[in-house]
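**Q**
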Amino acid sequence: MNVVIAIGNVLVAALVLFGAVLVLLSAVGAIRLPDVYTRSHAISKSTTLGMMCILLGAFFHFLLENGEFNSRLLLGIVFIFMTSPVAAHLISRAAYYTNVPRWEGTVRDDLKEKAGGK
Numbered sequence: 001m002n003v004v005i006a007i008g009n010v011l012v013a014a015l016v017l018f019g020a021v022l023v024l025l026s027a028v029g030a031i032r033l034p035d036v037y038t039r040s041h042a043i044s045k046s047t048t049l050g051m052m053c054i055l056l057g058a059f060f061h062f063l064l065e066n067g068e069f070n071s072r073l074l075l076g077i078v079f080i081f082m083t084s085p086v087a088a089h090l091i092s093r094a095a096y097y098t099n100v101p102r103w104e105g106t107v108r109d110d111l112k113e114k115a116g117g118k
């Protein structure tokens, strides 16, 4: 039984550490990337996965240490998984329709033909 708890603790630590690294990388991306579209992409993808890993690590911690099935953590994972990419998409779409300038290195504009954009 102690081996299972030790392996579980390693899994919890790995999930939390991996999630923290992803959130840190998304913060670096928010600072370093040139425009709102690339920043939104970096933030929505890596922060979503990072927060899901951290919450999953917390879920496994409580499951292994206390034997408690915490449904609120699972609901938090589902909520973040469903809302973060949608919010980033809506922010990028709003930025496009309000003519926020794109980075000069942008190669392709998929919405230009569909929406009559700039």
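Residue 65 in UniProt numbering is what sits at position 65 of the sequence shown, and the numbering runs on without skipping anything.
No residue lacks a Cβ here, since even glycine has one placed at the ideal position from N, Cα and C.
For Leu74, tell me which candidate among Leu64, Phe59, Leu63 has the shortest Cα-Cα distance.
**A** Position 74 of the sequence shown holds residue 74. The candidate whose alpha carbon is nearest that of Leu74 is Phe59.
**Q** How would you call Arg93, buried or exposed, if buried means at least 16 neighbouring beta carbons within 10 angstroms?
**A** One-based indexing of the sequence shown puts residue 93 at position 93. By the neighbour-count rule (16 or more Cβ atoms within 10 Å), Arg93 is not buried but exposed.
**Q** Going by Cα to Cα distance, which pick from Ile31, Leu55, Val23, Asp110 is closest to Phe69?
**A** Numbered from 1 along the sequence shown, position 69 holds the residue referred to as residue 69. Residue Leu55 is the option with its Cα nearest to Phe69.
**Q** What three-state label does DSSP hand Glu68 in the structure shown?
**A** In the sequence shown, counting from the first residue as 1, residue 68 sits at position 68. In this structure, Glu68 counts as coil in the three-state DSSP scheme.
**Q** Once you ignore the five residues that flank Leu25 on each side, which residues in its own chain have a CB closer than 6 Å to its CB?
**A** If you number the sequence shown from 1, residue 25 lands on position 25. Excluding residues within five positions, the ones whose Cβ falls inside 6 Å are Ser46.
**Q** I'd like to check one pair, Leu33 with Ala42: are the Cβ atoms closer than 8 Å?
**A** Translated into positions along the sequence shown, residue 42 becomes position 42. Translated into positions along the sequence shown, residue 33 becomes position 33. The answer is yes: Cβ separation under 8 Å.
**Q** So, for Val16: in the same chain, excluding its five sequence neighbours on each side, which residues have a beta-carbon less than 6 Å away from its beta-carbon?
**A** On the sequence shown, position 16 is the one that residue 16 refers to. If we look at Val16 and ignore the five residues flanking it on each side, its Cβ neighbours are Ile54, Gly57.
**Q** From this set, Leu63, Gly50, Ile7, Arg39, which residue's C-alpha is nearest Trp103's C-alpha?
**A** For this step, residue 103 is matched to residue 103 along the sequence shown. Per the Cα distances, Arg39.
**Q** What residue range is occupied by the uninterrupted alpha helix (DSSP H) comprising Asn2?
**A** Along the sequence shown, read from residue 1 onward, the residue named residue 2 stands at position 2. Run containing Asn2: 2 to 32, per the alpha helix (DSSP H) assignment.
**Q** Kindly indicate which residue of Tyr37, Val21, Phe62, Pro85 has the alpha-carbon position closest to the one of Val107.
**A** Position 107 of the sequence shown holds residue 107. It is Tyr37 whose Cα lies nearest to the Cα of Val107.
**Q** Exposed or buried, which one is Met82 when buried takes at least 16 other CB atoms within 10 Å?
**A** For the purposes of this step, residue 82 is taken as the residue at position 82 of the sequence shown. Label assigned to Met82: exposed.
**Q** Kindly indicate which residue of Ala87, Leu64, His89 has the alpha-carbon position closest to the one of Ile7.
**A** Within the sequence shown, numbered from 1, the residue matching residue 7 stands at position 7. Out of Ala87, Leu64, His89, Leu64 has the C-alpha closest to the C-alpha of Ile7.
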